[in-house]
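Quick notes on the structure that follows.
Chains as they are written, first to last, in the numbering used here: chain A, 477 to 679; chain B, 477 to 679; chain C, 477 to 679; chain D, 477 to 679.
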């Protein structure tokens, strides 16, 4: 089997550069992952700037989020990535970014409800602007296993979910490939800016 | 006759890169076209990111919007491009972009009326800031032929129209050349940002 | 005497690229000039995009704003540039840009009054944030000689003026060199964004 | 001992280019420094554009902020840099930037209080979003020694401080390395934009 790792790593590095250009990965926030196999993922290391990643910015981990490389520590939030790969064998990438709008909206709303936007069609299985896409907001926590359990319970009840926010902390989304997941981030950030601008006009 | 296609394609690729830099073509939204001849246009294919187009991102279509290349599917909205080329032999380019401001304004207004802006002179035949430029908003629809018929009826009544919005979906504009139409997009997006900022101050 | 023209032209081309990156020269708006000698200036031609200027984007004109190059038409607003070179032999550059904030503020205010900003020190002769810098707004007009006369009368009364706005049309500023005038534009645009953001909070 | 100077200078030049891209160092505002040794710092010269620094844009100064290079004048605000190096031998870099948000917030608030933001963890010693990070605002003054004394008195009382604002003038922050301090600027600017957007929604 040809080695996927260099291709996936290059895609995640490029995604990070694009996000940094837009201001969505400030300081050492955010983390990215992609599936290497049935039981293995590639994930960004702790403490890296995600807009300036290189080969050393990643490690291999198992689907419990434990490092498979001695001496390399995964990001604290790797458990939230691992959760998605455990839940669905079709998921090939998870991206967590940290934009101003994701932060501000998540501190004011319990969910961001998208309706009437053509760009909702950027998400899988959505053919029209007429439905609703609900992006739930979870309270922030430094206890990642507890947060992962809360997310899992929500996803069990709402399997159509395409993304979620953590309060004051940013967005998580996933997809079959890095390109698909990047498209979700781009659509979500566009829609969050629309929602923020609408909120300002609504007051 | 020298082949126009590579030149028009290069111009549309460059336009897409510029729009992406500004955030006006998120995810796989937007589509671009240019006239190749009396009965033929070049148009972006379905599902492409318009900020990262290459030679494979286009197909030739007839003025009914049907693909002239086997196995290549035009974007669903090609009918809205074809409409303009059918109506006016002088039209050489149609650009549809999808910005935050075009989205937000089209969800709140029935038309964007521009008045007193020097930049109105960027549109053909306008010599002063003193008149009004009206950009109508049409309800969004996944039924493109019905939407095209509605646009055509409006343009019959208002032949001076330089652009229109589809609600929650973005802007369409056209011109003799790619450069002219790009200038219209740049002017429209500038003016939409002005209108949004004015609306915020007006509340 | 060594030929200044290629150096000044290169500086104005680079200034235009920077302004375009910031969105301050949309479509074919804006115009730039620099002094070539006691009776001669270099000025952008009509109809050029100021973010993509090349050697052909300029012409030499006299201090009345008349072209010194057969077949090359100066921008309509060259008279507003010529006015400044006539008034003050120390002026070596005039820049007119066209930003969203300059447009919006000029449509709502009769003058933009800057006070308490450290960046006021970017203007010549200002050593503290404590004074006031007043940027007057003139009504827009397609009659450039009339507008130039109005500006001249104001400057006679207010010789400390560093810049002025034309309503819905953008800002003019000037300086001894292209670098100085570029610094004024950068400071003005920064301060206009501050003023707009303050206005939003003040409502 | 290998010479640190070229490395630190290159890091500060790159930091300035990044800040300029974001619009945080307009005109000749802002200044940067890094520690060269126990009694010596490298600091930007007066009058330079901080987004286009080269080797000539710096000078060596002592911890009193006096130039160690004949004929090169330090920026007026070097005293605010020197203060930090005097106070703490662990400080290796001080960055002062000048953004729209830092300017606007500092003109309306007596302190910017950050609470509930995950990105607070970008600052040293902070492990959770649950505490408060207070960024005090000092009145602007052209009397730098007086301002430095006021800052020093505040820091004596509040040693946990990570940054401060000067009214209408921008932000100062510091860290062990250029990379650490750059991370603080990026986090502060992100959080200031969040706070501004929250203020708009709160009115």
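Every residue, glycine too, gets a C-beta built ideally from N, C-alpha and C.
Hey, how far is the Cα of residue i from the Cα of residue j?
i                      : j                      : result
residue 477 of chain D : residue 568 of chain D : A caution first: residue 477 of chain D carries a pLDDT of 49, below 50, which makes its placement in the model unreliable, though a value can still be read off. Residue 477 of chain D and residue 568 of chain D: Cα-Cα distance of roughly 17 Å.
residue 659 of chain C : residue 581 of chain C : 20 Å
residue 480 of chain A : residue 512 of chain A : 7 Å
residue 546 of chain C : residue 514 of chain C : 21 Å
residue 552 of chain B : residue 620 of chain B : 7 Å
residue 540 of chain B : residue 654 of chain B : 20 Å
residue 636 of chain A : residue 532 of chain B : 33 Å
residue 632 of chain B : residue 554 of chain B : 20 Å
residue 507 of chain A : residue 662 of chain A : 16 Å
residue 483 of chain C : residue 510 of chain C : 10 Å
residue 617 of chain D : residue 572 of chain B : 51 Å
residue 490 of chain D : residue 566 of chain B : 49 Å
residue 669 of chain A : residue 576 of chain B : 7 Å
residue 542 of chain D : residue 622 of chain D : 17 Å
residue 604 of chain C : residue 523 of chain D : 15 Å
residue 560 of chain C : residue 650 of chain C : 8 Å
residue 544 of chain D : residue 521 of chain D : 12 Å
residue 652 of chain D : residue 646 of chain C : 44 Å
residue 558 of chain D : residue 493 of chain C : 37 Å
residue 674 of chain A : residue 587 of chain A : 15 Å
residue 624 of chain B : residue 583 of chain D : 51 Å
residue 602 of chain A : residue 665 of chain A : 18 Å
Can you name the residues that DSSP bridges to residue i?
i                      : result
residue 569 of chain D : D:510, D:651
residue 702 of chain D : Nothing in the structure corresponds to residue 702 of chain D, since chain D is present only between 477 and 679.
residue 646 of chain A : A:642
residue 505 of chain C : Residue 505 of chain C pairs with nothing; no bridge assigned.
residue 521 of chain B : B:550
residue 543 of chain C : C:537
Which residues in chain B sit within 8 Å of residue i, going by Cβ to Cβ distance?
i                      : result
residue 677 of chain A : 580, 584, 675, 676, 679
residue 605 of chain A : 616, 618, 644, 645
Look at residue i and residue j and say whether their C-beta atoms are less than 8 Å apart.
i                      : j                      : result
residue 614 of chain A : residue 626 of chain A : yes
residue 535 of chain D : residue 519 of chain D : yes
residue 570 of chain B : residue 657 of chain B : yes
residue 677 of chain A : residue 574 of chain B : no
residue 638 of chain B : residue 609 of chain B : yes
residue 526 of chain C : residue 496 of chain C : yes
residue 585 of chain D : residue 667 of chain D : no
residue 556 of chain D : residue 630 of chain D : no
residue 593 of chain C : residue 612 of chain C : no
residue 579 of chain B : residue 644 of chain B : yes
residue 487 of chain A : residue 516 of chain A : no
Tell me where the alpha helix (DSSP H) around residue i begins and ends.
i                      : result
residue 637 of chain C : From DSSP, residue 637 of chain C is part of no alpha helix (DSSP H); its letter is neither H nor E.
residue 482 of chain C : 481-498
residue 582 of chain B : 576-582
State the start and end residues of the unbroken beta strand (DSSP E) segment that holds residue i.
i                      : result
residue 612 of chain C : 608-614
residue 588 of chain A : 587-591
Which residues in chain A have a C-beta closer than 7 Å to the C-beta of residue i? List them in chain order.
i                      : result
residue 663 of chain D : 502, 503
residue 495 of chain D : Here the premise fails: no neighbours, minimum Cβ distance about 13 Å.
Give the residues of chain B in contact with residue i, contact being defined as C-beta atoms less than 7 Å apart.
i                      : result
residue 572 of chain A : Those within 7 Å of residue 572 of chain A in chain B number zero; the least Cβ separation is about 18 Å.
Taking C-beta pairs closer than 7 Å, name the residues in chain D that residue i reaches, listed in chain order.
i                      : result
residue 527 of chain C : Under the 7 Å cutoff, chain D gives no residues; its nearest Cβ is about 16 Å from residue 527 of chain C.
residue 569 of chain C : In chain order: nothing, as chain D lies at least about 15 Å away.
residue 576 of chain A : 666, 669, 670, 673
Residue i versus chain B: which residues are under 9 Å apart at the beta carbon?
i                      : result
residue 592 of chain A : 583, 616, 643, 644
Counting only Cβ pairs nearer than 8 Å, list the residues of chain D close to residue i.
i                      : result
residue 659 of chain C : 503, 504, 525
Taking Cβ-Cβ distances shorter than 7 Å, what residues in chain C pair up with residue i?
i                      : result
residue 598 of chain B : 503, 504
residue 609 of chain D : Neighbours of residue 609 of chain D on chain C: none; closest Cβ ~22 Å, over 7 Å.
residue 508 of chain B : Within chain C, no residue comes near residue 508 of chain B; the closest Cβ sits about 18 Å away, beyond 7 Å.
residue 488 of chain B : Going along chain C, no residue has its Cβ under 7 Å from residue 488 of chain B, so there is no contact; the nearest lies around 16 Å.
residue 480 of chain B : Correct list: empty, because the minimum Cβ distance to chain C is about 21 Å.
Is there a Cβ from chain E that is less than 8 Å from the Cβ of residue i?
i                      : result
residue 556 of chain C : Any reference to chain E falls outside this structure, whose protein chains are A, B, C and D.
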